[in-house]
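Residues in the sequence shown are numbered from -14 upward in steps of one, following this note's numbering.
Ideal placement from N, C-alpha and C gives every residue a C-beta, glycine not left out.
Nothing here was measured: the structure is a model prediction, and the numbers come from that model.
The block underneath contains the structure these notes are about, expressed in structure tokens.
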Amino acid sequence: MEKQEKRNVQVPKAEFVTRLLRLPRGISRLEKYGQKKKVPKDYMLVEAGDIPKYCFIIKTGRAICYEYSISGEERIYNFNENNSLLMESYVLFDTVVPVNVKTVLPSEIIFIDKETLLQAISTDPEICKDIMQSLHMKFHTSMEQIRHANFHNAGWKICDLLLMFAEKYGVDYDGKILIKEKISQQLLSNLLGINRVTAVRAIKELKDMSLIEQVNGYYCIRDVEKLKRHQERLIR
């Protein structure tokens, strides 16, 4: 009798995958090679279809990678936060960028062209490791986002996103965690690739369960551990 192969089903980890990209090793080695420029909100760094001339370090502010679906809905893939590096692989390999990149806050950006980037890599092996870490984080984040999209429902994804924002922007508020960042229901749906009605329904369910509330337009997690336990139950 033919022996049947045993397969282990691997469900994505319950811990969230950050969409708030940054470079943990820091930008001090790389930033000295670039030109610093202050740009306003909604400044277009790269448009889909471009082969970028520069890679960018977000010194302060924030940029997003996004595109529009056939139905006209905006899809946001990542936030590039302070101390993040983007477009490095496209510059190094003269590759066409598939998405748009723009600032969503007034930002201080460091521009580094291909020749200078190659010089920096050849001069300092630690810079090479910085770039490799940046690419590693993006690959890991993208892979986990795809896996989460395939395995989890909208309620789980909303919990995941709120916990991610709480870790980054959360402050203590009467024993609760107030997320000091304006997060609209439209932003949630754009980040998660779900329609707004579904996002509204999932948020309402969390409010009805007294897991979250809103304070002056900011989301507030009443008990982080209870929200995590609720999220875990959604994958059982």
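Could you tell me which residues DSSP puts in a beta bridge with CYS40?
Answer is ILE97.
Is DSSP giving SER56 helix, strand or coil here?
In this structure, SER56 counts as coil in the three-state DSSP scheme.
Please check the pair ARG47 and THR88, which I expect to be a contact at CB under 8 Å, by giving their CB distance rounded to whole angstroms.
The Cβ separation is near 7 Å, so the contact holds.
At 3 residues or longer, and completely inside the region 118 to 170: list those beta strand (DSSP E) runs for me, N to C.
Within the region 118 to 170, the complete beta strand (DSSP E) runs of at least 3 residues are 155 to 158 and 161 to 164.
Give the range of the alpha helix (DSSP H) segment to which TYR75 is assigned.
Per DSSP, TYR75 belongs to the alpha helix (DSSP H) from 73 to 77.
Please state whether the Cβ-Cβ distance between LEU30 and SER69 is less than 8 Å.
No; because the gap between Cβ atoms is not below 8 Å, this pair is not in contact.
Considering only residues of the same chain and omitting the five flanking positions on each side of LYS22, which have a CB-CB separation below 7 Å?
Closer than 7 Å at Cβ, skipping near neighbours: ILE94 and PHE96.
Please state whether the Cβ-Cβ distance between ALA139 and THR183 is less than 8 Å.
Cβ atoms of ALA139 and THR183: closer than 8 Å.
Straight-line CA distance for SER13 to ILE112?
Taking the straight line from one Cα to the other gives about 10 Å.
Work out the CA separation of PRO37 and VAL76 for me, nearest whole Å.
Spanning the two alpha carbons is a distance of roughly 6 Å.
Helix, strand or coil, according to DSSP, for ILE220 in the structure here?
In this structure, ILE220 counts as coil in the three-state DSSP scheme.
Taking just the CA atoms, how far does LEU219 sit from MET(-14)?
Bear in mind that the predicted position of MET(-14) carries a pLDDT of just 47, short of 50, making it too unreliable to give a figure here.
Is the CB-CB distance between LEU71 and PHE41 below 8 Å?
In this structure, PHE41 lies closer than 8 Å to LEU71 by Cβ.
In the structure shown, what three-state DSSP assignment does ILE275 receive?
Residue 275 is absent from the structure shown; the chain starts at -14 and stops at 221.
By alpha-carbon positions, which one of HIS215, LYS211 and ALA33 ends up nearest to ILE162?
Selected option, being the one with the closest Cα: LYS211.
Could you tell me which residues DSSP pairs with TYR51 in its beta bridges?
In the DSSP output, where bridge partners are listed per residue, TYR51 has ILE61 and ASN85.
Counting along the chain, where does the alpha helix (DSSP H) carrying LYS17 start and finish?
Taken as a continuous stretch (DSSP letters only), LYS17 belongs to no alpha helix (DSSP H), as it is neither H nor E.
Buried or exposed for TYR204, please, with buried defined as at least 16 other CB atoms from any protein chain shown within 10 angstroms of its CB.
Looking at its Cβ environment, which holds 16 or more other Cβ atoms inside 10 Å, TYR204 is buried.
Is the beta carbon of ARG186 less than 8 Å from the beta carbon of GLN170?
No, Cβ-Cβ distance for ARG186 and GLN170 is not below 8 Å.
State the CB to CB distance for the pair ILE179 and LEU147, rounded to an integer number of angstroms; the pair is presumed to be in contact (CB under 8 Å).
With a Cβ gap of about 14 Å, ILE179 and LEU147 do not count as contacting.
Identify, in the order they occur along the chain, each residue of the same chain with its Cβ nearer than 6 Å to the Cβ of ASP35, setting aside the five sequence neighbours on each side.
Answer for ASP35: VAL82, listed in chain order.
Is DSSP giving SER92 helix, strand or coil here?
In this structure, SER92 counts as strand in the three-state DSSP scheme.
Quick check on the burial criterion: 16 or more other C-beta atoms within 10 angstroms. Buried or exposed for ASN65?
That one is buried.
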